[in-house]
Every structure is written in C-alpha cells, then in structure tokens.
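J.: For the sequence shown, my numbering assigns the number 93 to the initial residue and increments by one for each residue that follows. Have a look at this one.
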Amino acid sequence: MSVLQAIPTFIMQYFRLPLQTCNEINSILANFWWRSDTANKKKIHWLSWKSLCKQKSEGGLGFRDTQSFNQALLCKQAWKLITEPNNPLSQVYEDRYFPRTSFWAVQLGPKPSYTWRSILSVRDLICKGIEWKLASRSNIRVCGHKWITHTHSKTLITPVQEDFHDITVVDLIDSEIRVWKIDFV
Numbered sequence: 093m094s095v096l097q098a099i100p101t102f103i104m105q106y107f108r109l110p111l112q113t114c115n116e117i118n119s120i121l122a123n124f125w126w127r128s129d130t131a132n133k134k135k136i137h138w139l140s141w142k143s144l145c146k147q148k149s150e151g152g153l154g155f156r157d158t159q160s161f162n163q164a165l166l167c168k169q170a171w172k173l174i175t176e177p178n179n180p181l182s183q184v185y186e187d188r189y190f191p192r193t194s195f196w197a198v199q200l201g202p203k204p205s206y207t208w209r210s211i212l213s214v215r216d217l218i219c220k221g222i223e224w225k226l227a228s229r230s231n232i233r234v235c236g237h238k239w240i241t242h243t244h245s246k247t248l249i250t251p252v253q254e255d256f257h258d259i260t261v262v263d264l265i266d267s268e269i270r271v272w273k274i275d276f277v
C-alpha cells in the first residue's frame with residue numbers, strides 16, 4: 093500500500109496530476125484495502141475513502157488523498173521559489189517567468205511549461221495560509237498583499253488612487269521613530 097503511494101511522489105512534486113488520475117490511484121488504494129479473498133465476491137467498503145484519509149487522531153487511518161498530497165508537494169516547490177530566491181532553480185524560474193514582477197503578481201504567460209503551470213496552480217492555496225510580516229526593508233505593497241492583521245480579508249479594502257498601487261507599507265512608516273506617517277496616510 094505504501095509503495096503505491098510512494099511511486100508517483102517524485103512526479104507529483106513537479107506536475108499537477110489530472111483529477112481522473114488522482115481518483116484512479118485512490119480507487120486502486122481503496123480496492124487494495126477492501127480486497128476480498130475470492131475474486132468473484134463483491135467487496136464491501138466499510139468506510140469511505142475520505143474517512144480512511146483522515147488523520148489517525150480524527151478516527152481515520154492516515155492514508156494520503158492523492159490530490160491533496162499532490163497539491164501539498166507543489167506548494168512545497170512554490171514555497172522554495174519564494175523563500176530561496178538564490179537557489180539556481182528559483183533563479184531559472186524567475187528569469188523565465190517573472191523577471192520584472194514577483195511570484196505573487198505574475199500572470200500565466202504564453203507557452204508556460206507544465207511544471208510552471210502546475211506550481212502556479214497552487215499559488216492561491218498558499219495565499220490562504222500566509223501573512224506578510226512587516227520589516228524595515230519590506231517590499232510589501234499596500235494594495236494587493238495580505239499585510240493587515242486582525243481583519244477578515246487582511247488586504248486594504250478602501251478605494252485608492254491609481255498612483256497608490258506601487259506604494260509599499262514601508263513608505264507609510266517613519267523609520268526613525270517607527271510610527272505611521274499620519275499626513276501621508
């Protein structure tokens with residue numbers, strides 16, 4: 093069972109598997125788990141595959157749902173691009189797909205590789221779980237980045253002028269006394 097889950101792991105790190113492929117792998121795993129001794133006997137699935145994939149602490153068996161695992165591995169690759177910009181592979185992706193923008197703002201351009209398309213497909217999933225931390229040399233944009241804490245959306249929801257979109261949060265703070273520039277805000 094663990095072998096069948098391990099075989100596609102390398103591919104799943106770099107490519108988003110089609111939903112049908114994920115469902116087929118899940119089906120094979122479920123059939124293996126619920127197999128019967130006789131070939132003609134109908135198998136009874138005592139629990140749904142979703143229940144088997146729950147954590148052991150939640151009453152499941154801790155099996156990996158193939159689609160969720162695929163997304164997790166792609167998120168890991170995307171996170172490496174974000175957190176390790178000096179990594180040679182990160183530099184290749186940046187030079188090829190987002191030389192003048194950030195990973196967060198890049199649009200899927202013409203003729204992207206399937207690997208890049210796969211990595212970019214999990215960007216929104218990563219955005220749900222992160223929050224920017226303000227620092228003195230931060231390049232967090234006031235508009236578009238999630239930097240406001242203790243709110244539901246974590247983004248600026250007030251209408252802003254067109255020339256305000258390139259302003260960073262650091263531009264709003266007086267760096268010497270570390271307070272908001274009230275006249276600017």
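Every residue, glycine too, gets a C-beta built ideally from N, C-alpha and C. Note that the structure is predicted; figures quoted are calculated from it, not measured.
Which word fits PHE195, buried or exposed, when buried means at least 16 other C-beta atoms lie within 10 angstroms of its C-beta?
T.: Classification for PHE195: buried.
J.: Just how far apart, CA to CA, sit ALA98 and GLN169?
T.: Going by the C-alpha atoms only, they are around 18 Å apart.
J.: Let me know the secondary structure DSSP gives THR158 once reduced to three states.
T.: Residue state, collapsed to three classes: helix.
J.: Straight-line CA distance for GLU150 to ARG156?
T.: Rounded to the nearest angstrom, the two C-alpha atoms are 14 Å apart.
J.: Roughly how many angstroms lie between the CA atoms of ASN203 and ASP187, to the nearest whole one?
T.: Residue identity check: residue 203 is Lys in the sequence provided, not Asn. Computed Cα separation, rounded: 15 Å.
J.: Between THR113 and SER119, what straight-line distance do the alpha-carbon atoms span, to the nearest angstrom?
T.: In a straight line, the C-alpha of THR113 is about 10 Å away from that of SER119.
J.: Flag this pair as yes or no: are the beta carbons of VAL184 and PHE190 separated by less than 8 Å?
T.: Cβ distance not < 8 Å, so VAL184 and PHE190 don't count as in contact.
J.: Per DSSP, ASP266 is paired with what?
T.: Looking at the DSSP assignment, ASP266 forms a beta bridge with VAL271.
J.: Going straight from the alpha carbon of SER143 to that of GLN159, what length do you get?
T.: Using only the alpha carbons, I get a separation of about 15 Å.
J.: Indicate, with yes or no, if the ligand COA has a heavy atom lying under 7 Å from the CB of THR113.
T.: As for the ligand COA, it is missing from this structure, which has no ligand bound.
J.: If I measure Cβ to Cβ from TRP138 and keep anything under 8 Å in the same chain, skipping five residues before and after, which residues do I get?
T.: Once the five neighbours on either side are set aside, the close Cβ partners of TRP138 are TRP126.
J.: Quick check: the Cα distance between ILE103 and GLU176, rounded to an integer number of angstroms?
T.: Cα to Cα, ILE103 sits roughly 21 Å from GLU176.
J.: Between which two residues does the alpha helix (DSSP H) carrying LEU121 extend?
T.: Per DSSP, LEU121 belongs to the alpha helix (DSSP H) from 111-125.
J.: By alpha-carbon positions, which one of ASN123, ASN162 and PRO100 ends up nearest to VAL214?
T.: If we check each option's Cα against that of VAL214, ASN162 comes out closest.
J.: Among GLN105, PRO100, THR101 and VAL95, which residue has its Cα nearest to the Cα of SER210?
T.: Of the listed residues, the one whose Cα sits closest to SER210 is GLN105.
J.: ARG270 to VAL262, Cα distance in whole Å?
T.: The straight-line gap from Cα to Cα measures roughly 10 Å.
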